[in-house]
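Undergrad: The following block contains the structure, expressed as structure tokens.
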Amino acid sequence: MSKWNVCKIGALCFGLMFLVILACQSPLKTSTLPTIPGATYVGDKTCLDCHEDVVSAFKNTAHGKIADFEVIGKKGCESCHGPGNLHAEEGDVSKILSFKNLSPSEASSVCLKCHKQESELMDWWGSMHAKTGEGCTSCHEIHKKQAIVITHRSPAEPQRASVSKVSLKAPEPELCFKCHSDIQAQANYPSHHPVKERKMKCSDCHNVHSGVVNGLKTEERLNDLCFNCHSDKQGPFTFEHEPVVEDCTICHEPHGTVANNLLKVNEPFLCLQCHHVHFQINHHKDVAMTAALRCTQCHPQIHGGDYPSGVTTTGGGDSLMR
């Protein structure tokens, strides 16, 4: 048997094994839409008989002002709370969908009846938030008049532009920090992205509804997300620095660090994790000198350059000269 045929058989076996693995994977967990057996729709006017204050207040909320009932079946309150005739007749709170009694995944199922077509929500059930038991109501407040209203839909979508706003329980980053206290601590380190200064938001980098790793707004390289703002570091350069090409987080911690420039470790110790030292320590006084040295004093174009070694003039033999 020729070597070429052996390679083809090997590739075929690998492909079949990959398909078997995919077939054995458990299906993506979702939640069954909660129902009220035997109930029928009665309309908002029936709700007004007992809940006039709630209905009146709801009209001043984001959903109340912009709800397009043609989209949600012209059912008003019942579009979220389910058909209400049994609840209205008997006053039984178990005969209506109360979000206080729904699990986060059940509540999300109700919301996704309308919002499932939104691009940011298409992969909700695969997101880390959904997998860890969070739901729409963990962050969103529907009836709260004072809820923060933000826009996340392009005005170029006129058909549903009226439902382009969502109500958050608190503004960013405070809302995110209620759960992500470890990230809040990093945001207070000396070197950090200006999130707490409100010059950028968590949602600038993260899509909380996404199934992508860490909910990042990128489907390919992490660097592509970073280059949205840091385009000067992208190149192309004649001499590339491998971490810049592979993953910015090899050197940087984006949420905050005690080192300069969001570096995981200050110079020269970060660089020495990959690069051989240019000098040797022969005396304890040299240790202090080493800590004071900065690789970028000689290699300022650390992200890439058009000369070898990243120095200001040619004359080295490595990579990354300016």
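The sequence shown begins at 72 in the numbering used here and counts up one residue at a time.
Just so you know, even glycine gets a beta-carbon here, dropped at the ideal spot from N, CA and C.
Going by CA-CA distance only, name the one from Pro-105, Ala-159, Gly-109 and Thr-103 that's closest to His-122.
TA: Along the sequence shown, one-based indexing puts residue 122 at 51. Among Pro-105, Ala-159, Gly-109 and Thr-103, the Cα nearest to that of His-122 is on Ala-159.
Undergrad: Among the candidates His-323, Gly-282, Lys-249 and Glu-149, whose CA atom is the shortest distance from the CA of His-374?
TA: Reading the sequence shown from its first residue, position 303 is the one you call residue 374. With distances taken between Cα atoms, His-374 lies closest to His-323.
Undergrad: Inspect the CB distances between the segment 180–195 and the segment 253–271 and report whether three or more fall short of 8 Å.
TA: Segments in contact, no.
Undergrad: Here's the rule: buried if 16 or more other CB atoms are within 10 angstroms of the residue's CB, otherwise exposed. What is Ser-225?
TA: Within the sequence shown, the letter at position 154 stands for residue 225. Unreliable placement is indicated for Ser-225, whose pLDDT of 39 sits below 50; the coordinate value is still reported in the next sentence. Counting Cβ neighbours within 10 Å, Ser-225 comes out exposed, since fewer than 16 surround it.
Undergrad: At the level of alpha carbons, what is the spacing between Cys-207 and Ala-256?
TA: Within the sequence shown, numbered from 1, the residue matching residue 207 stands at position 136. Within the sequence shown, numbered from 1, the residue matching residue 256 stands at position 185. Cys-207 and Ala-256: Cα-Cα distance of roughly 25 Å.
Undergrad: How many whole angstroms separate the CB atoms of Leu-119 and Val-126, which I take to be in contact at a CB cut-off of 8 Å?
TA: Along the sequence shown, one-based indexing puts residue 119 at 48. Along the sequence shown, one-based indexing puts residue 126 at 55. The pair is a contact, with the Cβ atoms about 5 Å apart (cut-off 8 Å).
Undergrad: Just how far apart, CA to CA, sit Ala-258 and Thr-309?
TA: For this step, residue 258 is matched to residue 187 along the sequence shown. For this step, residue 309 is matched to residue 238 along the sequence shown. Computed Cα separation, rounded: 35 Å.
Undergrad: Would you identify the three-state DSSP class for Glu-141, choosing helix, strand or coil?
TA: In the sequence shown, counting from the first residue as 1, residue 141 sits at position 70. With a pLDDT of only 43 at Glu-141, under the threshold of 50, the placement of this residue in the model should not be trusted; the figure read from the coordinates follows. Coil at Glu-141, not helix or strand.
Undergrad: Using CA coordinates, which residue listed in Val-283, Gly-155, Leu-341 and Pro-244 is at the minimum distance from Thr-106?
TA: Here residue 106 refers to the residue found at position 35 of the sequence shown. Closest option to Thr-106, Cα to Cα, is Gly-155.
Undergrad: How far does the alpha helix (DSSP H) with Glu-338 in it reach, from first residue to last?
TA: Residue numbering aside, residue 338 sits at position 267 when the sequence shown is read from its first letter. Unbroken run through Glu-338: none, as it is neither H nor E.
Undergrad: Three or more beta-carbon pairs under 8 Å between the segment 293–302 and the segment 318–338, yes or no?
TA: yes
Undergrad: Grouping DSSP H, G and I as helix and E and B as strand, with all else coil, what is Gly-376?
TA: The residue you call residue 376 lines up with position 305 of the sequence shown. Residue state, collapsed to three classes: strand.
Undergrad: Taking only heavy atoms of the ligand HEM into account, decide whether any of them is closer than 7 Å to the Cβ of Ser-238.
TA: No copy of the ligand HEM appears in this structure; indeed no ligand is present at all.
Undergrad: Can you tell me where the alpha helix (DSSP H) holding Glu-149 begins and where it ends?
TA: Position 78 of the sequence shown holds residue 149. Start and end: 149–152.
Undergrad: Residues in its own chain within less than 7 Å of Met-199 by CB, not counting five upstream and five downstream?
TA: The residue you call residue 199 lines up with position 128 of the sequence shown. So the qualifying residues of the chain are Gly-286.
Undergrad: By a C-beta neighbour count over all protein chains shown, 10 Å radius and 16 as the cutoff for buried, is Gly-204 buried or exposed?
TA: Mapped onto the sequence shown, residue 204 falls at position 133. The residue in question, Gly-204, is exposed, as its Cβ has fewer than 16 Cβ neighbours within 10 Å.
Undergrad: Where does His-346 fall in DSSP's three states?
TA: For the purposes of this step, residue 346 is taken as residue 275 along the sequence shown, with counting starting at 1. In this structure, His-346 counts as coil in the three-state DSSP scheme.
Undergrad: For Met-271, collect the residues of the same chain with a Cβ closer than 8 Å to its Cβ; drop the 5 residues on either side in sequence, then sort them by chain order.
TA: Locating residue 271 in the sequence shown gives position 200, counting from the first residue. Correct list, in chain order: His-264 and Pro-265.
Undergrad: If you follow the alpha helix (DSSP H) that Ala-159 is in, where does it begin and where does it stop?
TA: Reading the sequence shown from its first residue, position 88 is the one you call residue 159. Note, Ala-159: alpha helix (DSSP H), 156–161.
Undergrad: Would Gly-376 be called buried (16 or more neighbouring beta carbons within 10 Å of its own) or exposed?
TA: Reading the sequence shown from its first residue, position 305 is the one you call residue 376. Counting Cβ neighbours within 10 Å, Gly-376 comes out buried, since at least 16 surround it.
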